[in-house]
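Participant: The structure that follows is given in the form of structure tokens.
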Amino acid sequence: MKIAVEGCCHGELDKIYETIGYLENKEGVKVDLLLCCGDFQAVRNEGDMKCMAVPQKYRQMQTFYKYYSGEKKAPVLTIFIGGNHEASNHLQELPYGGWVAPNIYYMGYAGVVRYKGVRIGGLSGIFKGHDYRKGHHEFPPYNSETLRSVYHIRNIDVFKLKQIQMPVDIFLTHDWPRGIYNYGSTGVLLRKKKFLRQEVESNSLGSPAAAELLAHLQPNYWFSAHLHVKFAAVMQHPPKGDAAPHTTKFLSLDKCLPYRDFLQIVEVEDRSDSSQGLEYDPEWLAILKATDGLQTVSPNYWNIPQNNGLHTRWDFGASEAAMLDAVGDLGGELAIPDNFTLTVPAYDPARPQPDANPSYRINPQTTELCATLGLTDIYAQAGQGGYGGQMGTVASGLEEDDVQSGDEPSEYPTDTSGLSSSYNPDEITIEDEWEEDEGKEQSPDAVVPEVEAEGETGLRDPLWRSPP
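Right under this line is the structure:
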């Protein structure tokens, strides 16, 4: 099947779908699925915009609300993960994933789903070491600290993903796995993004947690975004036991702007005997059930179970019996129910409400899934705990995630994620990147990505090559 992969969405759904239609007509193909690698910005109304970590001047409604309200419907099934510029109050309603609009599915903090037999996994957010070992304690209304920490990935979600033993076809993260730049044309990357040189040379660019998952999961494809640049790489993993070495094709894409490489169509083999709809994954459901008791909504540090004599259990992998039990909870029906409902009013251009406060609701999709599988709604639990807006404030004048942490160090010895972005630019401030493009943009409707010749970086075969 043909899958369109999008880098940073930034709420430009109309333009992304228009571009897919343009490429379908030009190439004579039909896109089966759209994967978005974060910064999706599922903004439903003016209140949601106040829950996005972007400068005030970039809080724009964009076009998602049309799909949320039912004014429009996504022309292709769309699956996305969260990044670091999101309507966090909306996404937090769906910690285990769910529909944010008809035909648009969010994967939650972490998740695995199946479409036409293809296993697709994802991890939302970006890595910051000073929040990595905390629980998902954030709850709106956010303050200047929790507005940022809410999208920082947590070790519990990485731990869940590391319990996966069955092969994964595609995996999505927003930020790059650390070190992946060593497996592609690094020189070309540094010519495009000169400020990345120091981090690349010190091997501290990207997420160490994602690198750990890449080594464990070894998916066929890994798609990312965040750095606003197109970059392809091929990583051959060391063999596991007597098995043949496995290869992962990595591709990162730009953001949705005219004449930028923000969209790529790749061809992935599906399973002809599989269901045609979006489905839950039995192994992932079993892992969610097994690890539910490990979840915390505390802002305090905690350690994941390890085989170190301190924990009675450290392996939460899914047995066949556990998978059958999870499927049984669903009555044997793996199809993800089409149970989207509006939880807050949608934006009305005829009646703007710029002073609207953010809304926070318990999502019935999450309530239903938790009741079916016996899971904890950690968003509701965080609200009951009262941690959300009580974590203090960030000193004035600091950008985005430039907050130095005086807490315990990250479990990763080379973690530089707490340093200022002037030194560690793997998280680009939205001011820098968006102002860089002022004066360069063509007509706002002229969203035409550069599409190179097929066989190089064309629609069906992106350029994945080993380093020279």
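Numbering (full-length UniProt numbering), first residue to last: 1 to 468.
Just so you know, even glycine gets a beta-carbon here, dropped at the ideal spot from N, CA and C.
Here the structure is a predicted model, which is why all the values come from computation and not from measurement.
1) What does the Cβ neighbour count give for Asp131, buried or exposed, with the cut at 16 atoms within 10 Å?
2) Could you compute how far the alpha carbon of Thr186 sits from the alpha carbon of Thr248?
3) Run through the DSSP bridge pairs and tell me what Gly122 is partnered with.
4) Counting along the chain, where does the alpha helix (DSSP H) carrying Met323 start and finish?
5) Comparing alpha-carbon positions, which option in Pro219, His174, Val112, Gln165 lies nearest Glu86?
6) Look up Phe80 in the DSSP assignment and say whether it is helix, strand or coil.
7) Tell me which same chain residues have a C-beta within less than 8 Å of the C-beta of Gly388, skipping the five on either side of it?
8) Thinking C-alpha only, which one of Asn303, Lys230, Met166 is nearest Lys192?
9) Do the region 21-29 and the region 311-331 make contact, defined as three or more Cβ pairs closer than 8 Å?
10) Kindly indicate which three-state DSSP category Leu33 falls into: helix, strand or coil?
11) If I'm right that Gly82 touches Ser124 with Cβ under 8 Å, what's the distance once you round it to whole angstroms?
12) Pull up the DSSP beta-bridge partners for Glu18, would you.
13) Assuming Ile16 and Leu263 form a contact by the criterion Cβ under 8 Å, report the distance between their Cβ atoms to the nearest whole angstrom.
14) Using the Cβ count rule (16 or more neighbours within 10 Å means buried), how would you classify Gly108?
15) With DSSP collapsed to three states, give me the class of Trp284.
16) Look at the Cβ atom of Arg178, then the Cβ atom of Ala211, and state whether they are nearer than 7 Å.
17) For Phe223, name the three-state secondary structure that DSSP assigns.
18) Report, in whole angstroms, the separation of the C-beta atoms of Val200 and Asp169, which I expect to be a contact under 8 Å.
19) Ser274: buried (16+ other C-beta within 10 angstroms of its C-beta) or exposed?
20) By alpha-carbon positions, which one of Ser88, Asp281, Gln365, Lys289 ends up nearest to Gly332?
21) In the DSSP assignment, find the unbroken beta strand (DSSP E) run with Tyr68 in it and report its ends.
22) Is the beta carbon of Thr63 less than 7 Å from the beta carbon of Asp14?
Facilitator: If we stick to the structure as given:
1) Your numbering for residue 131 matches position 131 in the sequence shown. It counts as buried.
2) Taking the first residue of the sequence shown as position 1, residue 186 is located at position 186. Taking the first residue of the sequence shown as position 1, residue 248 is located at position 248. Their backbone Cα atoms lie some 17 Å apart in a straight line.
3) Mapped onto the sequence shown, residue 122 falls at position 122. In the DSSP output, where bridge partners are listed per residue, Gly122 has Gly111, Leu172.
4) Looking up residue 323 in the sequence shown gives position 323. Segment 320-329, the alpha helix (DSSP H) holding Met323.
5) The sequence position of residue 86 within the sequence shown is 86, counting from 1. Nearest option by C-alpha distance: His174.
6) In the sequence shown, residue 80 corresponds to position 80, counting from 1. DSSP places Phe80 in strand when its eight states are reduced to three.
7) Translated into the one-based positions of the sequence shown, residue 388 becomes position 388. The predicted position of Gly388 is uncertain, since its pLDDT is 42 and thus under 50; a value taken from the coordinates is nonetheless stated next. Here the set comprises His137, Glu138, Phe139, Pro140, Pro141, Tyr142, Thr146, Ala382.
8) Taking the first residue of the sequence shown as 1, we reach residue 192 at position 192. Of Asn303, Lys230, Met166, the smallest CA-CA separation from Lys192 is found for Lys230.
9) Taking 8 Å as the limit for Cβ pairs, the verdict is that the region 311-331 does not touch the region 21-29.
10) Taking the first residue of the sequence shown as position 1, residue 33 is located at position 33. Looking at Leu33 - three-state DSSP - the assignment turns out to be strand.
11) The residue you call residue 82 lines up with position 82 of the sequence shown. The residue you call residue 124 lines up with position 124 of the sequence shown. Their Cβ separation, rounded to whole angstroms, is 3 Å, which keeps Gly82 and Ser124 in contact under 8 Å.
12) Taking the first residue of the sequence shown as 1, we reach residue 18 at position 18. For Glu18, which the question treats as bridged, DSSP gives no partner whatsoever.
13) Within the sequence shown, the letter at position 16 stands for residue 16. Within the sequence shown, the letter at position 263 stands for residue 263. Taking the Cβ atoms as the reference, Ile16 lies roughly 7 Å from Leu263, within the contact range of under 8 Å.
14) Along the sequence shown, one-based indexing puts residue 108 at 108. Per the 10 Å Cβ criterion, buried.
15) Indexing the sequence shown from 1 puts residue 284 at position 284. Three-state DSSP puts Trp284 in a helix.
16) On the sequence shown, residue 178 is found 178 positions in, with the first residue counted as 1. On the sequence shown, residue 211 is found 211 positions in, with the first residue counted as 1. Taking 7 Å as the cut-off, the Cβ atoms of Arg178 and Ala211 count as close.
17) For this step, residue 223 is matched to residue 223 along the sequence shown. Of the three classes helix, strand and coil, the one that applies to Phe223 here is strand, per DSSP.
18) Here residue 200 refers to the residue found at position 200 of the sequence shown. Here residue 169 refers to the residue found at position 169 of the sequence shown. The beta-carbon separation of Val200 and Asp169, rounded to 28 Å, does not stay under the 8 Å limit for a contact.
19) Within the sequence shown, residue 274 is the residue found at index 274, counting from 1. Counting every other CB atom within 10 Å of its CB across the protein chains shown gives Ser274 a total below 16, marking it as exposed.
20) Here residue 332 refers to the residue found at position 332 when the sequence shown is read from its first residue. Nearest C-alpha to Gly332: Asp281.
21) Position 68 of the sequence shown, counted from the start, is the residue given in the question as residue 68. Secondary structure note for Tyr68: it is in no beta strand (DSSP E), and the uninterrupted alpha helix (DSSP H) holding it is 64-69.
22) Position 63 of the sequence shown, counting from 1, holds the residue named residue 63. Position 14 of the sequence shown, counting from 1, holds the residue named residue 14. With contacts defined by Cβ atoms closer than 7 Å, Thr63 and Asp14 form a contacting pair.
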